[in-house]
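**Q** I'd like to ask you about the structure that follows.
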Amino acid sequence: MALLGYARVSTSHQKLTMQISELKSAGVRDDRIFTDMMSGATDAREGLQRLLARAEKDDVILCTKMDRMGRNTADMIHIVDACYKKGIAIRFLENGLSTEGTMGKMVIQILAAVAEAERERILERTNDGRVIAMAAGVKFGRKPHSKSVIALQFIHQK
Numbered sequence: 001m002a003l004l005g006y007a008r009v010s011t012s013h014q015k016l017t018m019q020i021s022e023l024k025s026a027g028v029r030d031d032r033i034f035t036d037m038m039s040g041a042t043d044a045r046e047g048l049q050r051l052l053a054r055a056e057k058d059d060v061i062l063c064t065k066m067d068r069m070g071r072n073t074a075d076m077i078h079i080v081d082a083c084y085k086k087g088i089a090i091r092f093l094e095n096g097l098s099t100e101g102t103m104g105k106m107v108i109q110i111l112a113a114v115a116e117a118e119r120e121r122i123l124e125r126t127n128d129g130r131v132i133a134m135a136a137g138v139k140f141g142r143k144p145h146s147k148s149v150i151a152l153q154f155i156h157q158k
């Protein structure tokens, strides 16, 4: 049995340091930590793909939080099922949940669905706020440069 770790941040501006530190504290060796620095919304997560290819029967994958591993419910279910079929367990450090056992697998799938619903609610509220702001006359985007405005005025005068 090997302990493997997975850490992901959404942008290159964020740091993996905290997640890696937590994984090491949980007993994962440096050479067994796989990382990605990209949005979870993309399929091309090379670190996750390398981790899943490396993991073998009876290995345990540690991840700090559920939202670091899966992009949505369907993705989480796919990852959990693929690991479950290979005899690989997944444990989440934040809440202590594990796919070990039938109930653990079910609980993780339910929580992944709840997390996805919460992300969708946040998007809805953000979009609603944007619509209200636009109706109130708020302008979005960059402010025009003064030289650009002058150039446009000059062009329109001709």
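Going by full-length UniProt numbering, the residue at position 36 of the sequence shown is 36; the numbering climbs one at a time, nothing skipped.
For every residue, glycine included, the Cβ atom is placed at its ideal position computed from N, Cα and C.
Residue 112 lies in the alpha helix (DSSP H); which residues open and close that run?
**A** Residues 102-135.
**Q** If the criterion is Cβ atoms closer than 7 Å, does the pair residue 37 and residue 12 meet it?
**A** Result yes, Cβ atoms of residue 37 and residue 12 sit closer than 7 Å.
**Q** Tell me which same chain residues have a C-beta within less than 6 Å of the C-beta of residue 19, skipping the five on either side of it?
**A** These residues qualify, in order along the chain: 7, 64.
**Q** Run through DSSP, which three-state label would residue 98 get?
**A** Here residue 98 sits in strand by DSSP.
**Q** Indicate whether residue 115 and residue 67 have their beta-carbon atoms separated by less than 7 Å.
**A** Yes, the pair counts as a contact, with Cβ atoms nearer than the cut-off.
**Q** Is the beta carbon of residue 62 closer than 7 Å to that of residue 89?
**A** Result no, Cβ atoms of residue 89 and residue 62 do not sit closer than 7 Å.
**Q** Which residue comes first and which comes last in the beta strand (DSSP E) that contains residue 17?
**A** Residue 17 -> not in any beta strand (DSSP E); alpha helix (DSSP H) instead, spanning 17-25.
**Q** Just list the residues that DSSP pairs residue 83 with in beta bridges.
**A** DSSP lists no partner for residue 83.
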